[in-house]
Amino acid sequence: MRILVTGGTGYIGSHTVVELINAGYEVEILDNLFNSKMEVLDVIKELTDTKPVFHQVDLLDADKMNEVFAAGNFDAVVHFAGLKAVGESVEQPLRYYENNVVGTVNLLKAMRAHGVSKIVFSSSATVYGDPGVVSYTEDLPTGQNIPSPYGKTKYMIEEILKDICAADAEFSAVLLRYFNPVGAHASGLLGENPNGRPNNLMPIVMKVATGEIAELSVYGNDYDTPDGTCIRDYIHVVDLARGHLLALSHIQPGIAIYNLGSGKGTSVLEMVAAFEKARGQKLPFKFAPRRAGDLAEFYANPTKAEAELGFKTELTIDDAMKDTLRYLENHPRSAE
Ligand code: WQD
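Going by my numbering, the letters in the sequence shown line up with residues -11 to 324, in that order.
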């Protein structure tokens, strides 16, 4: 099968490209390199013995996107490309709606124009908003109280895909709702290396470890959780990548929705402790006020993904910390 991976030089995209190629798929990448680097292509070559065809194309460039599809002869698309900084999306909603929603509409129009009718979409648990439970199943309502325009773009794209499937019986869409991706490829050659200031916990922990940031601010230690800090379902990025292969191998006409998580919750302090254990060194942190929009606790109920896709996480938080440190050692950074 020939797969176009949008956002394929990004963190989750590149790990998925490696797993796809090593599983025998032919892969091309479309990415605008806004939040990733061309050098990732050489790493993919090193890890798979194949350098994927790369198209530096923006989702908003409909003409260039059409040219890619005209030549590509793709069987399916795995769609990661999009802006994903939650805080930034609150400040720049129009940019996020245009890039993520209009960009995806452009992608879907190019797919239709060239007879590509299968898509695996990188969605997020944030589409559940605040459902009032901690263990998330796929039948929970979505679209209510989503705290950011970023999260609303994911919800809107899900709704667009549901409506396309309702109108076109041949169209196949799998919505993969991620929880919290962490970790890096075991080789230490591929990992999370966002341009600019990150928002997520682990890339910030990495910057504290390298001294680029003086100390970690733990946003709130007065939540109703065992240690007072927020609990999330951290899933190793390689497990997440493998979930995409399972989604592709089970894809069929209609809409399919899966939560991809470990099913276990881990607190911020437990993540700090796991990083310190892997590193053998303390990580400087302080308690800071709660961050607006944060929920105290949620994690995936992975029953459906296991039953229907055979998806089950294999890698642990400790694996994620060791792999993250190995990546850091290979990519030394220090405070300017
Ligand atoms: C995790 C926990 C923070 C930074 C977001 C998006 C979601 C998905 C995953 C894309 C929270 C705490 C964080 C820091 C901290 N992204 N934290 N200090 O908010 O669960 O989910 O990323 O799909 O859509 O909403 O992840 O990593 O930002 O935060 O204490 O410097 O770490 O308060 O409890 P989150 P996160």
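For every residue, glycine included, the Cβ atom is placed at its ideal position computed from N, Cα and C.
Based on the DSSP output, what are the partners of residue i in its beta bridges?
i, result
"Ser255", "Ile219"
"Gln329", "This structure does not reach residue 329, given that the chain is present from -11 up to 324, and the question cannot be answered."
"Phe109", "His67, Leu163"
"Pro169", "Ile223"
"Phe42", "Ile17"
"Arg(-10)", "Glu14"
"Leu204", "Phe273"
"Ala244", "Val162"
Is residue i near the ligand WQD, with its Cβ less than 7 Å from a heavy atom?
i, result
"Tyr207", "yes"
"Asn181", "no"
"Asp282", "yes"
"Thr114", "yes"
"Val28", "no"
"Tyr246", "no"
"Asn188", "yes"
"Arg279", "yes"
"Leu271", "no"
"Val122", "no"
"Val74", "yes"
"Val78", "no"
"Tyr166", "yes"
"Arg185", "no"
Check the C-beta distance from residue i over to residue j and give it rounded, since I have them as a contact under 8 Å.
i, j, result
"Phe159", "Ser111", "About 17 Å; that fails the 8 Å criterion."
"Ala293", "Gly242", "At roughly 17 Å, the Cβ-Cβ gap does not stay under 8 Å, so Ala293 and Gly242 are not in contact."
"Pro40", "Leu29", "7 Å"
"Thr312", "Met190", "7 Å"
"Ile0", "Ala288", "In fact, because the Cβ distance is near 16 Å, the residues do not count as touching under 8 Å."
"Lys310", "Ala266", "5 Å"
Looking at residue j and residue i, is the spacing between their C-beta atoms short of 8 Å?
i, j, result
"Val74", "Asn187", "yes"
"Leu303", "Val260", "no"
"Asn181", "Tyr222", "no"
"Phe57", "Ala98", "yes"
"Leu236", "Ala64", "yes"
"Gly131", "Val115", "yes"
"Asn94", "Met53", "yes"
"Phe68", "Gly179", "no"
"Val170", "Ala50", "no"
"Asp212", "Ala113", "no"
"Pro129", "Pro119", "yes"
"Leu(-8)", "Gly60", "yes"
Q | Cβ contact (3+ pairs, closer than 8 Å) linking the stretch 196 to 208 and the stretch 267 to 287 | A | yes
Q) Counting Cβ pairs, one atom from each stretch, are 3 or more of them under 8 Å apart for the stretch 240 to 249 and the stretch 161 to 169? A) yes
(Q) For the stretch 5 to 23 against the stretch 108 to 125, do three or more pairs of beta-carbon atoms, one drawn from each stretch, fall closer than 8 Å, so that the two count as touching? (A) no
Q: Check whether the stretch 31 to 45 touches the stretch 173 to 184, taking contact to mean three or more Cβ pairs, one atom from each stretch, closer than 8 Å.
A: yes
**Q.** Cβ contact check for the stretch 137 to 146 and the stretch 189 to 200: 3 or more pairs under 8 Å
**A.** no
Q: Taking 8 Å as the threshold, find out whether the stretch 250 to 264 comes into contact with the stretch 314 to 321 through three or more Cβ pairs.
A: no
Q: Decide yes or no for the touch test of the stretch 8 to 17 against the stretch 78 to 90: beta carbon pairs closer than 8 Å, at least 3 of them.
A: no
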